[in-house]
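Heads up: the sequence shown begins at 2 in this note's numbering, then just goes up one per residue. Ideal Cβ positions, reconstructed from N, Cα and C, are used throughout, including at glycine. Quick caveat, the model's predicted, so the values are computed rather than measured.
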Amino acid sequence: MAMDSQVGTGLPDLDRLLRGLIPGDNLVWQFDNIEDLAPFVPPYCQRGLDEGRNVVYFRFADHAPLVPSALPVRVCELRPDQGFEQFIMAVHQVLHESGRFAYFVFDSLTKLAETWYSDRMLGNFFRLTCPYVYDIESLAYFPIQRGCHSFHALTPITDTAQVVLDVHRHREQIYLYPNKVEHRYSPTMFMLHAWEPDGFSPVTESSTTAEILTSMPWSGSDFERLREGIWNRSLSQAADTWDAVKQGKRSTDEARTALKTVLRMMVSHDPRILNLAEKYLTLEDVLRIGKRVVGTGLIGGKAIGMLLARAMLKKADDRWANLLEPHDSFHIGSDVFYSFLVENGCWWMRQKQRDAATFLDGLQEVRRRIIMGPFPKYIEDEFAEMLAYFGQSPIIVRSSSLLEDNYGNAFSGKYESVFCANQGSHQKRLADFLAAVRTIYASTMSEKALRYRAQRGLLEQDEQMSLLVQRVSGSRYGHSFFPHVAGVAYSRNPYVWSQYIDPEAGMLRLVFGLGTRAVDRADDDYTRIVALNAPERRPETGFEQVRQHSQRKVDVIDLEANQLTAYQFVDLVSQCQDLPLHLFASPDEELARRPEARGLAPHATSVLTFDELLTETPFVPDMRQMMSILQASYGCPVDVEFTANAFPKAGYRINLVQCRPLPILADATLSELASHVPEQDRVLQASSAIIGRSRSVSIDRVVYIVPSLYGQLPMGDRYALARMIGRVMHPKESPAPETVMLIGPGRWGTQSPSLGIPVSFHEIDRASVLCEVVAMREDLVPDVSLGTHFFNDLVEMDILYVAVFPSRPQDDCNFEFFESCPNRLTDLIPEAEPWASVLRVIDVPWSQDDSRRLELHADTHRQNLLCYTTDQT
2 MAMDSQVGTG LPDLDRLLRG LIPGDNLVWQ FDNIEDLAPF VPPYCQRGLD
52 EGRNVVYFRF ADHAPLVPSA LPVRVCELRP DQGFEQFIMA VHQVLHESGR
102 FAYFVFDSLT KLAETWYSDR MLGNFFRLTC PYVYDIESLA YFPIQRGCHS
152 FHALTPITDT AQVVLDVHRH REQIYLYPNK VEHRYSPTMF MLHAWEPDGF
202 SPVTESSTTA EILTSMPWSG SDFERLREGI WNRSLSQAAD TWDAVKQGKR
252 STDEARTALK TVLRMMVSHD PRILNLAEKY LTLEDVLRIG KRVVGTGLIG
302 GKAIGMLLAR AMLKKADDRW ANLLEPHDSF HIGSDVFYSF LVENGCWWMR
352 QKQRDAATFL DGLQEVRRRI IMGPFPKYIE DEFAEMLAYF GQSPIIVRSS
402 SLLEDNYGNA FSGKYESVFC ANQGSHQKRL ADFLAAVRTI YASTMSEKAL
452 RYRAQRGLLE QDEQMSLLVQ RVSGSRYGHS FFPHVAGVAY SRNPYVWSQY
502 IDPEAGMLRL VFGLGTRAVD RADDDYTRIV ALNAPERRPE TGFEQVRQHS
552 QRKVDVIDLE ANQLTAYQFV DLVSQCQDLP LHLFASPDEE LARRPEARGL
602 APHATSVLTF DELLTETPFV PDMRQMMSIL QASYGCPVDV EFTANAFPKA
652 GYRINLVQCR PLPILADATL SELASHVPEQ DRVLQASSAI IGRSRSVSID
702 RVVYIVPSLY GQLPMGDRYA LARMIGRVMH PKESPAPETV MLIGPGRWGT
752 QSPSLGIPVS FHEIDRASVL CEVVAMREDL VPDVSLGTHF FNDLVEMDIL
802 YVAVFPSRPQ DDCNFEFFES CPNRLTDLIP EAEPWASVLR VIDVPWSQDD
852 SRRLELHADT HRQNLLCYTT DQT
């Protein structure tokens with residue numbers, strides 16, 4: 002290709018050696034000492050200035066400046082320690098502003114890998130930045146220190162760059178060794194060249210070439226160290242430090258310094274999490290974790306929450322070392338996710354998610370690319386090695402993103418977790434595992450996850466997906482695999498259904514079998530709610546209600562079908578030998594006396610109550626201590642997910658699989674509700690199932706679904722109505738009403754429109770009060786879904802939940818009042834007129850000259866709620 006005289010290095014001899022530069026060239030300079038580049042950079046910058054080009058110096062390393070301060074170039078000070086996303090977006094913004102034919106100089110790229118502890122992320126940076134420079138027909142100098150990087154950085158850099166040059170200094174002589182010059186060639190171009198006063202001369206004597214090159218360490222001579230890259234090399238250095246400390250050769254201060262380094266590299270950048278990690282994890286603990294990381298990068302919020310909680314318990318009381326079921330989890334580092342996106346062409350699509358105006362654009366295409374995208378062979382090999390460790394034991398692949406399960410951001414149910422039965426041939430198990438990983442990666446691009454991030458102002462924050470791979474806790478019974486007990490625990494109980502319940506003692510939501518039924522809202526089943534200070538007390542009264550509201554279905558891993566399956570409890574236990582059923586089920590004596598029950602096995606007339614587990618074993622005191630320790634350690638309420646398995650001679654063991662801060666706000670200070678509120682002013686009152694923070698507020702808007710008309714809608718129309726409710730709850734008007742109360746029949750967020758209103762949570766996330774009226778079916782009880790992802794969303798958004806039972810004397814809903822108030826639906830959405838009879842939007846005050854207001858007083862401790870009108874004149 003002909004030499005382009007319009008651009009150049011500023012050194013005519015170098016231009017002749019390279020046969021000129023081409024607009025779009027990215028030049029990588031490999032060096033041993035950064036000072037060896039000093040003769041090359043100033044002439045290059047001066048050439049750009051002489052041509053009237055924009056010349057930009059990206060300054061981010063701590064070495065001496067490459068560009069003299071006397072040159073009038075634009076200097077962009079950057080902070081790589083603020084994260085990859087912020088850094089690369091800042092660089093790309095400057096590239097965009099500089100326009101075509103600009104000249105760019107970067108500090109040593111090695112600093113980026115050191116800061117991010119990741120050769121992979123350096124490779125990703127180059128793969129995304131080099132083509133940008135090429136597209137805008139500019140030039141860029143990228144220095145990188147030789148012998149410091151693995152193939153994870155070097156391969157994408159050398160593959161993507163147009164020009165790669167090695168700079169050597171030997172006996173005070175500068176030598177240049179072109180490794181790659183794309184689209185240009187000369188017979189001597191790829192020889193070692195000496196920089197003489199009269200230009201670059203090829204070194205033709207083999208002895209001289211060998212002397213110069215052998216004076217430098219060849220990277221291949223230390224292949225294993227370089228293959229590891231900066232992340233693993235830093236881990237090895239920390240391990241060496243720990244060994245030396247144990248031998249008394251180094252101080253504990255050095256171990257503490259090494260611990261801080263490895264924590265930032267592998268655990269978190271959040272100061273609050275780092276403080277906890279430094280307090281409860283030792284360097285030895287973290288090194289042990291590092292040996293179980295596939296790839297490199299951070300292990301994410303869910304993983305560190307689990308690890309910290311276990312360490313907190315063991316530090317508080319030695320007996321937890323035996324009471325906790327051991328874990329042998331693996332972690333897939335965050336860099337694997339990011340590299341997967343870059344290699345499969347998803348990165349630029351993902352950048353749209355940083356913009357509130359475009360964050361939902363193109364989701365289908367980017368998810369398709371993720372689901373169909375291949376992994377590099379070396380990553381698949383590491384996955385295969387991990388699967389060989391687990392054999393054919395069932396595993397679960399869980400999301401563990403950088404922002405997940407941290408203070409203030411739970412991400413409950415926003416990302417996927419996937420069970421792998423892990424049966425079949427090695428190829429089949431690997432294919433299933435890869436599909437699980439892709440499913441979770443794709444869930445980062447789901448609408449519910451992105452809406453959550455948008456609502457919480459997290460779109461611009463660096464969010465990368467690590468994965469936690471855990472052995473499923475439980476035992477095999479026939480072809481079914483499941484734990485005896487699973488559930489969710491809160492250190493603070495938000496549901497005080499009795500005066501004898503202490504909210505500070507905490508609560509449990511228990512299920513038999515896999516914990517999916519504890520965290521997912523089941524429309525056709527129930528769970529056991531336990532107040533830890535009064536485990537024998539239940540919200541139900543009488544065994545008839547206990548029977549009606551007990552768990553009937555059990556989630557298990559079916560090893561023959563190679564999938565997650567739900568069985569009827571009575572059918573499952575008939576196949577399970579040696580199951581300690583007495584701990585979990587109680588005989589239904591009334592049912593056993595019925596004629597149709599004669600001849601049935603005892604389990605066929607049993608009800609899942611967990612009574613003996615709760616009253617005849619130390620399980621409740623142990624769980625109460627667990628939650629107390631964790632809350633004290635975190636300094637705030639927490640929620641955990643756990644399993645437990647009973648053993649004939651060893652009691653039981655608890656497997657703590659997740660722990661995170663629970664963002665419960667303090668109750669408002671309530672005055673005594675005036676008992677003389679006139680009956681005619683009361684429009685809604687409830688006396689049970691009131692969950693959330695106590696409060697006394699004025700209601701600005703009521704969104705009311707008429708129960709009698711909703712029950713007559715065809716099922717398809719109920720879905721359409723749910724979408725319309727979502728539009729009503731996210732109005733374009735400004736300002737939007739501050740306090741909105743949603744009132745509807747049956748269950749909000751149900752998957753079954755016959756049981757309630759099938760909205761997604763993001764459609765109603767601007768509600769302040771969520772009211773479920775038992776008005777569709779007498780046998781349909783609102784699901785007090787403590788511990789589920791749905792409930793965690795309510796807590797995180799500070800939404801008050803209330804169930805109203807109009808048939809009970811203490812409860813009431815004045816349907817006539819809500820159905821006679823002016824309806825503003827069509828004012829907000831004119832095309833919603835067909836829904837105006839069933840969907841009512843009631844603004845308060847009702848008109849400009851109306852002095853009445855709608856007040857709500859909710860006392861969750863006393864379990865009473867009253868909504869009433871009052872005249873403000």
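(request) Tell me where the alpha helix (DSSP H) around Asp160 begins and ends. (result) One-based indexing of the sequence shown puts residue 160 at position 159. Segment 152-161, the alpha helix (DSSP H) holding Asp160.
(message) So, at 6 Å on beta carbons, what are the nonlocal neighbours of Cys577 in its own chain, with the 5 sequence-adjacent residues on each side left out?
(response) Position 576 of the sequence shown holds residue 577. In chain order, Tyr478 place their CB closer than 6 Å to the CB of Cys577, counting only its own chain and leaving out the 5 sequence neighbours on each side.
(message) Rounded to the nearest angstrom, what separates Met190 and Tyr178 at their Cα positions?
(response) The count along the sequence shown starts at 1 and reaches residue 190 at position 189. The count along the sequence shown starts at 1 and reaches residue 178 at position 177. Approximately 9 Å between the Cα atoms of the pair.
(request) Grab the span of the alpha helix (DSSP H) containing Glu183 for me, first residue to last. (result) For the purposes of this step, residue 183 is identified with residue 182 of the sequence shown, where counting begins at 1. Here Glu183 belongs to no alpha helix (DSSP H), and DSSP marks it neither H nor E.
(message) According to DSSP, is Ala651 part of a helix, a strand, or is it coil?
(response) Here residue 651 refers to the residue found at position 650 of the sequence shown. Per DSSP, reduced to three states, the secondary structure at Ala651 is coil, with no helix or strand assignment.
(message) If I measure Cβ to Cβ from Asp780 and keep anything under 6 Å in the same chain, skipping five residues before and after, which residues do I get?
(response) By 1-based counting over the sequence shown, the position of residue 780 is 779. Because Asp780 carries a pLDDT of 49, less than 50, the predicted location of this residue cannot be relied on, and the following value inherits that uncertainty. Closer than 6 Å at the Cβ level, and outside the excluded window around Asp780, lies no residue.
(request) Taking Ala723 and Pro746 to be in contact with their CB atoms under 8 Å, please state how far apart those CB atoms are, rounded to whole angstroms. (result) Translated into the one-based positions of the sequence shown, residue 723 becomes position 722. Translated into the one-based positions of the sequence shown, residue 746 becomes position 745. About 13 Å separates the two Cβ atoms, so there is no contact after all.
(request) List the residues that DSSP assigns as beta-bridge partners of Asp1. (result) Any answer about residue 1 is impossible in this case: the structure gives the chain only from 2 up to 874.
(request) Rounded to whole angstroms, what's the CA-CA distance from Pro73 to Asp199? Just pull it up for me. (result) Looking up residue 73 in the sequence shown gives position 72. Looking up residue 199 in the sequence shown gives position 198. Roughly 29 Å between the two C-alpha positions.
(request) Determine the burial state of Ile333: buried for a count of at least 16 other Cβ atoms within 10 Å of its Cβ, exposed for fewer. (result) Indexing the sequence shown from 1 puts residue 333 at position 332. Buried: at least 16 other Cβ atoms inside 10 Å.
(request) Kindly provide the ranges of any beta strand (DSSP E) runs that are 3 or more residues long and lie completely inside the stretch 692-732, ordered along the chain. (result) Runs of the beta strand (DSSP E) inside the stretch 692-732: 696-700, 702-706.
(request) Ignoring anything shorter than 3 residues or poking outside the stretch 408-468, list the beta strand (DSSP E) runs there in chain order. (result) Correct list: 418-421.
(message) Could you pull the DSSP bridge partners for Pro144 from this structure?
(response) Locating residue 144 in the sequence shown gives position 143, where the first residue counts as 1. According to DSSP, residue pairing for Pro144 in a beta bridge involves Trp30.
(request) Determine, using beta carbons only, whether Phe360 and Leu460 come nearer to each other than 7 Å. (result) Along the sequence shown, one-based indexing puts residue 360 at 359. Along the sequence shown, one-based indexing puts residue 460 at 459. Yes. Within cutoff.
(message) Pop quiz: Ser401 and Gly301 are said to be a contact at Cβ under 8 Å. What is the actual Cβ separation, rounded to whole angstroms?
(response) One-based indexing of the sequence shown puts residue 401 at position 400. One-based indexing of the sequence shown puts residue 301 at position 300. Yes, they are in contact, since the Cβ atoms of Ser401 and Gly301 sit about 3 Å apart, within 8 Å.
(message) Starting from Ile530, trace the beta strand (DSSP E) in both directions and tell me its first and last residue.
(response) Counting from 1 along the sequence shown, the entry for residue 530 is found at position 529. Here the beta strand (DSSP E) through Ile530 covers 529-532.
(request) Go ahead and pull the three-state DSSP assignment for Arg661. (result) As a position in the sequence shown, residue 661 is number 660, starting the count at 1. Correct three-state label for Arg661: strand.
(request) Give a yes or no on whether the C-beta atoms belonging to Phe585 and Phe482 are separated by under 7 Å. (result) Along the sequence shown, one-based indexing puts residue 585 at 584. Along the sequence shown, one-based indexing puts residue 482 at 481. For Phe585 and Phe482, no; Cβs fall outside 7 Å.
(request) Using 10 angstroms around the beta-carbon of Ala34, count the other beta-carbons present and answer buried if the total reaches 16, otherwise exposed. (result) Mapped onto the sequence shown, residue 34 falls at position 33. The amino acid occupying residue 34 in the given sequence is Asn; Ala does not appear at that position. Per the 10 Å Cβ criterion, exposed.
(request) Have a look at Pro638, Val684, His677 and flag the residue whose alpha-carbon is nearest the alpha-carbon of Leu663. (result) Here the question's residue 663 lines up with position 662 in the sequence shown. The alpha carbon of Leu663 has as its nearest neighbour, out of Pro638, Val684, His677, the alpha carbon of Pro638.
(message) Quick check on this structure: which residue in Phe570, His194, Val658, Tyr635 has the alpha carbon closest to the alpha carbon of Ser607?
(response) For this step, residue 607 is matched to residue 606 along the sequence shown. That would be Phe570, whose Cα lies nearest to the Cα of Ser607.
(message) Taking the alpha carbon of Pro679 as the reference point, which residue from Cys868, Ser447, Arg472, Ala443 has its own alpha carbon closest?
(response) As a position in the sequence shown, residue 679 is number 678, starting the count at 1. Nearest of Cys868, Ser447, Arg472, Ala443 to Pro679, Cα basis: Cys868.
(request) Give the DSSP-derived three-state secondary structure of His169 in the structure shown. (result) Start at 1 with the first residue of the sequence shown, and residue 169 comes out as number 168. Three-state DSSP puts His169 in a strand.
(request) Rounded to whole angstroms, what's the CA-CA distance from Tyr442 to Ala436? Just pull it up for me. (result) In the sequence shown, the residue the question calls residue 442 occupies position 441. In the sequence shown, the residue the question calls residue 436 occupies position 435. Looking at the two C-alpha atoms, the distance is approximately 10 Å.
(request) Would you kindly report the start and end of the unbroken beta strand (DSSP E) that includes Thr871? (result) Here the question's residue 871 lines up with position 870 in the sequence shown. DSSP places Thr871 in the uninterrupted beta strand (DSSP E) bounded by 865-872.
(message) Does Lys391 come out as helix, strand or coil in the three-state DSSP assignment?
(response) Translated into the one-based positions of the sequence shown, residue 391 becomes position 390. The identity of residue 391 in the sequence shown is Phe, whereas the question assumes Lys. Phe391: helix per DSSP, three-state reduction.
(message) Let's see if you can read the secondary structure: which residues bound the beta strand (DSSP E) around Arg853?
(response) In the sequence shown, counting from the first residue as 1, residue 853 sits at position 852. Where Arg853 is concerned, the enclosing beta strand (DSSP E) starts and stops at 853-860.
(request) Taking only the alpha-carbon atoms, compute the straight-line gap between Val444 and Val419 and give it to the nearest angstrom. (result) Counted from its first residue, the sequence shown places residue 444 at position 443. Counted from its first residue, the sequence shown places residue 419 at position 418. Here the sequence assigns Ser to residue 444, which means Val is not the residue at that position. CA-to-CA, the gap between Ser444 and Val419 works out to about 11 Å.
(request) Please confirm whether Ile691 and Thr528 have their CB atoms less than 7 Å apart. (result) Locating residue 691 in the sequence shown gives position 690, counting from the first residue. Locating residue 528 in the sequence shown gives position 527, counting from the first residue. No; because the gap between Cβ atoms is not below 7 Å, this pair is not in contact.
(request) Answer with buried or exposed for Arg748, where buried requires no fewer than 16 other C-beta atoms within 10 angstroms of its C-beta. (result) As a position in the sequence shown, residue 748 is number 747, starting the count at 1. When all chains shown are included, Arg748 counts as buried.
(request) Give the DSSP-derived three-state secondary structure of Arg472 in the structure shown. (result) What you label residue 472 is simply residue 471 of the sequence shown in a count that begins at 1. Here DSSP, grouped into helix, strand and coil, assigns Arg472 to strand.
(message) Taking its Cβ as the centre, do 16 or more other Cβ atoms sit within 10 Å of Val782, making it buried, or is it exposed?
(response) Taking the sequence shown and counting its residues from 1, the one referred to as residue 782 is at position 781. The pLDDT assigned to Val782 is 49, lower than 50, so where the model puts this residue is not dependable; a value taken from the coordinates is nonetheless given after this. Buried, since its Cβ has 16 or more Cβ neighbours within 10 Å.
(message) For Ile630 and Leu509, what's the separation of their Cα atoms in angstroms?
(response) Locating residue 630 in the sequence shown gives position 629, counting from the first residue. Locating residue 509 in the sequence shown gives position 508, counting from the first residue. Computed Cα separation, rounded: 16 Å.
(request) Give me whichever residues DSSP pairs with Arg683 in a beta bridge. (result) Residue numbering aside, residue 683 sits at position 682 when the sequence shown is read from its first letter. For Arg683, which the question treats as bridged, DSSP gives the partners Tyr869.
(request) Please say whether Val796 and Val774 have beta carbons closer to each other than 7 Å? (result) As a first step, residue 774 is located in the sequence shown; it is residue number 773 there, counting from the start. As a first step, residue 796 is located in the sequence shown; it is residue number 795 there, counting from the start. Cβ distance not < 7 Å, so Val774 and Val796 don't count as in contact.
(message) Below 8 Å, how does it come out for the stretch 337-350 and the stretch 373-387: are there three or more Cβ pairs, yes or no?
(response) Result yes; three or more Cβ-Cβ pairs closer than 8 Å.
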